[in-house]
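Asks:
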Amino acid sequence: MESVTQTLQRLLKASASAQTLHQLLPNATESARSVTLLQLLVNASASTAPPLPSMPQTPAELQAITILLALLICGVGITGNVMVVMVVLRSRHMVTPTNCYLVSLALADLVVLVAAGLPNLSEVLASWVYGYWGCLLITYLQYLGINVSSCSITAFTVERYIAICHPIRAQFICTVARAKRIIAGVWLLTALYCTMWFFLVDVHETRYADGVLVACGYRVSRNLYTPIYFLDLTLFYLVPLLVALVLYGLIARILVMSPLPASLGGHGGGNGSVHQGRANSTLHGLASTKANKGAMSSRKQVTKMLAVVVVLFALLWLPYRALVVVNSLMDPPYLDTWFLLFCRTCVYANSAINPIIYNLMSQKFRSAFRKLCHCQGGAGGGAGGGGSQRAPNHNPPVYYSAMKNSSQESPERLTEQEELNPYSVATKRVNFSPQPGGEDTAAMFSIA
Numbered sequence: 001m002e003s004v005t006q007t008l009q010r011l012l013k014a015s016a017s018a019q020t021l022h023q024l025l026p027n028a029t030e031s032a033r034s035v036t037l038l039q040l041l042v043n044a045s046a047s048t049a050p051p052l053p054s055m056p057q058t059p060a061e062l063q064a065i066t067i068l069l070a071l072l073i074c075g076v077g078i079t080g081n082v083m084v085v086m087v088v089l090r091s092r093h094m095v096t097p098t099n100c101y102l103v104s105l106a107l108a109d110l111v112v113l114v115a116a117g118l119p120n121l122s123e124v125l126a127s128w129v130y131g132y133w134g135c136l137l138i139t140y141l142q143y144l145g146i147n148v149s150s151c152s153i154t155a156f157t158v159e160r161y162i163a164i165c166h167p168i169r170a171q172f173i174c175t176v177a178r179a180k181r182i183i184a185g186v187w188l189l190t191a192l193y194c195t196m197w198f199f200l201v202d203v204h205e206t207r208y209a210d211g212v213l214v215a216c217g218y219r220v221s222r223n224l225y226t227p228i229y230f231l232d233l234t235l236f237y238l239v240p241l242l243v244a245l246v247l248y249g250l251i252a253r254i255l256v257m258s259p260l261p262a263s264l265g266g267h268g269g270g271n272g273s274v275h276q277g278r279a280n281s282t283l284h285g286l287a288s289t290k291a292n293k294g295a296m297s298s299r300k301q302v303t304k305m306l307a308v309v310v311v312l313f314a315l316l317w318l319p320y321r322a323l324v325v326v327n328s329l330m331d332p333p334y335l336d337t338w339f340l341l342f343c344r345t346c347v348y349a350n351s352a353i354n355p356i357i358y359n360l361m362s363q364k365f366r367s368a369f370r371k372l373c374h375c376q377g378g379a380g381g382g383a384g385g386g387g388s389q390r391a392p393n394h395n396p397p398v399y400y401s402a403m404k405n406s407s408q409e410s411p412e413r414l415t416e417q418e419e420l421n422p423y424s425v426a427t428k429r430v431n432f433s434p435q436p437g438g439e440d441t442a443a444m445f446s447i448a
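Going by the UniProt record's numbering, the residue at position 298 of the sequence shown is 298; the numbering climbs one at a time, nothing skipped.
#1: Within the continuous alpha helix (DSSP H) that includes A215, where are the two ends?
#2: Nearest-angstrom Cα distance between V201 and C194?
#3: With 16 as the cutoff for other CB atoms within 10 Å, does E61 come out buried or exposed?
#4: Suppose you measure from the CA of G223 to the CA of Y229; what does that come to, to the nearest Å?
#5: Considering only the beta carbon of each residue, do C343 and C216 sit closer than 8 Å?
#6: Contact defined as beta carbons within less than 8 Å: I believe A106 pairs with V85. What is the distance between those atoms, to the nearest angstrom?
#7: Is there a Cβ of chain D sitting closer than 8 Å to that of V308, yes or no?
#8: Would you give the residue range spanned by the beta strand (DSSP E) that V148 belongs to?
#9: Taking the CB atoms as reference points, tell me whether L250 and A191 lie closer together than 8 Å.
#10: Taking the beta strand (DSSP E) that V203 falls in, what are its first and last residues?
#11: CA-CA distance, D210 and S127?
#12: Which residue wins for smallest C-alpha separation from I116, given the options T157, C346 and L213?
#13: When DSSP labels each residue in this structure, what does P56 get in the three-state scheme?
#14: Give me the Cβ distance between V203 and Y132, rounded to the nearest whole Å; I'm assuming they're in contact under 8 Å.
#15: So, for Y334: in the same chain, excluding its five sequence neighbours on each side, which residues have a beta-carbon less than 8 Å away from its beta-carbon?
#16: Assign R92 to one of two classes, buried (16 or more other C-beta atoms within 10 Å of its C-beta) or exposed (fewer than that).
#17: Could you check whether P355 and G185 sit closer than 8 Å to each other, using their CB atoms as the reference points?
#18: If I measure Cβ to Cβ from A349 and keep anything under 7 Å in the same chain, skipping five residues before and after, which residues do I get?
#19: Under a three-way DSSP split, which group does M403 fall into?
#20: Using 8 Å for Cβ pairs, my map puts R299 next to I164. What's the rounded Cβ distance?
#21: Can you tell me which of the three DSSP states T175 falls into?
#22: Indicate, with yes or no, if the ligand SAM has a heavy atom lying under 7 Å from the CB of F339.
#23: Measure the C-alpha to C-alpha separation of V95 and A179 and round it to an integer number of angstroms.
#24: Do you know offhand how far V246's Cα is from V158's?
#25: Taking all protein chains shown into account, do 16 or more other C-beta atoms lie within 10 angstroms of the C-beta of R370, making it buried, or fewer, making it exposed?
#26: By alpha-carbon positions, which one of V87, L71 and C151 ends up nearest to V243?
#27: Assign L329 to buried or exposed, taking buried as 16 or more other Cβ atoms, counted over all protein chains shown, within 10 Å of its Cβ.
#28: Candidates L341, Y358 and R90: which alpha carbon is nearest A64's?
#29: Could you give the C-beta distance for A314 and L241, rounded to a whole number, given that I count them as a contact under 8 Å?
#30: From what residue to what residue does the alpha helix (DSSP H) around Y229 run?
#31: For my contact list, T98 and V302 are in at a C-beta cut-off of 8 Å; report their separation, rounded to the angstrom.
#32: In chain order, what residues of the same chain have a beta carbon less than 7 Å from the beta carbon of Q142, not counting five sequence neighbours either side?
#33: Determine the closest residue to P51 out of L71, Y248, I78 and R207, with distance taken between C-alpha atoms.
#34: Given a threshold of 16 other Cβ atoms within 10 Å of its Cβ, counted over all protein chains shown, does W338 qualify as buried or as exposed?
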């Protein structure tokens, strides 16, 4: 009602101004009087329009904390994930199915840190500076990295379940070639799924009294994004956590309730050849039991490490996912700047913390990281210690496996096979008695 009154007042002023123009400009043409009247109307409208507000300013302490956290987390995360990719690609013994999924996870985390963490710095210091195409591409890469990381976690969870709960089947299913095909399919399907974001975001300009603020935001109403956010929540958060909860529960039952087959060592010692003597059979039985214990310990350690990765994924993504659900149901949305900073920091930390977990909980990754950093002293000492234990005074036993020829690979490669099958030590042994005049200790050949 107030706007109608103001419009009537402007028309009355314009009518009065027109009469005044006829009096002041009796000899002017009609077109000249029309132009002058139009200018008067514009001036009258401008005088009644509300003044533009000032551009909102980010508090200085929020800027400082955001920049510090982003630089610290992104720096550590980018360095760590690059190291994970390099140590796996440069070391043959590190190329295992599980590590292939960890490389996929590291690449996805790199995409998140580069596409989400670094552009956040420019938004804190100024407005959006990457333009229209930058808005589309950066938004696409953010969701691509987030969704691929979730799928990679689900993939290595399923791989661990098959390797531990179905070790015989894992020898044919859990292969590096199959893992590479699965990873390629995950990236391709997720890339196609995320293409919708090219059509859902746009650059917006808001004018203020002291400048123009450019932002990358929604193209349509916020309510239309609710189904998309709930679909992402279900596919890339709730379903992976449900799968992980069920499968790691089954894995824990196998690891806790399944006893170590110590009878293998006992049988090996009891059935030794009389001509060969009890010393060699007992030694072989102890070696068999030690190998089984080492395999079981290695599998447990890898499983614990991956379970920690899943737990951190659930905890660090929980604030952001909860905020999305709350804002989808609330109007206006909850946009506290400090809580938004907390949610973003958790997301960035999730992408940066995994290499730290690998270094703390995996001896192989720790040794590989040291070698990559040219710390040959520490890495060489660890390798030398293992080698000195395998140099007894007598001839060592030689093992041959029908499943895989390990004679041309490092001992760490054999450990990876043991992770798939805790009973990978040969089940049938053929002992060759020494010939007269030969050495006291005969070589034992194991046939799987």
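The beta carbon of each residue, even a glycine, is placed where N, CA and C say it ideally should be. For clarity, every value in this text was computed on a predicted model and none was experimentally measured.
Replies: Here's the rundown:
#1: Element bounds for A215: not the alpha helix (DSSP H) but the beta strand (DSSP E), G211 to Y218.
#2: 12 Å
#3: exposed
#4: Note that residue 223 corresponds to Asn in the displayed sequence, not to Gly. In a straight line, the C-alpha of N223 is about 10 Å away from that of Y229.
#5: no
#6: 5 Å
#7: Chain labels in this structure do not include chain D; a single protein chain is all it has.
#8: Not the beta strand (DSSP E): V148 falls in the alpha helix (DSSP H), residues G131 to C165.
#9: no
#10: V201 to Y208
#11: 13 Å
#12: The sequence given here places Ala at residue 116; Ile does not occur at that position. Per the Cα distances, C346.
#13: coil
#14: 5 Å
#15: L323, V326 and N327
#16: exposed
#17: no
#18: I73 and L316
#19: Since pLDDT at M403 reaches only 41, below the 50 mark, its modelled position is unreliable, and the value read off the structure follows with that caveat. Of the three classes helix, strand and coil, the one that applies to M403 here is coil, per DSSP.
#20: 6 Å
#21: coil
#22: Absence of the ligand SAM from the depicted structure is noted, as is the absence of any ligand whatsoever, leaving it without description.
#23: 11 Å
#24: 10 Å
#25: buried
#26: C151
#27: exposed
#28: L341
#29: 5 Å
#30: T226 to L233
#31: 7 Å
#32: V112, A115 and A116
#33: R207
#34: exposed
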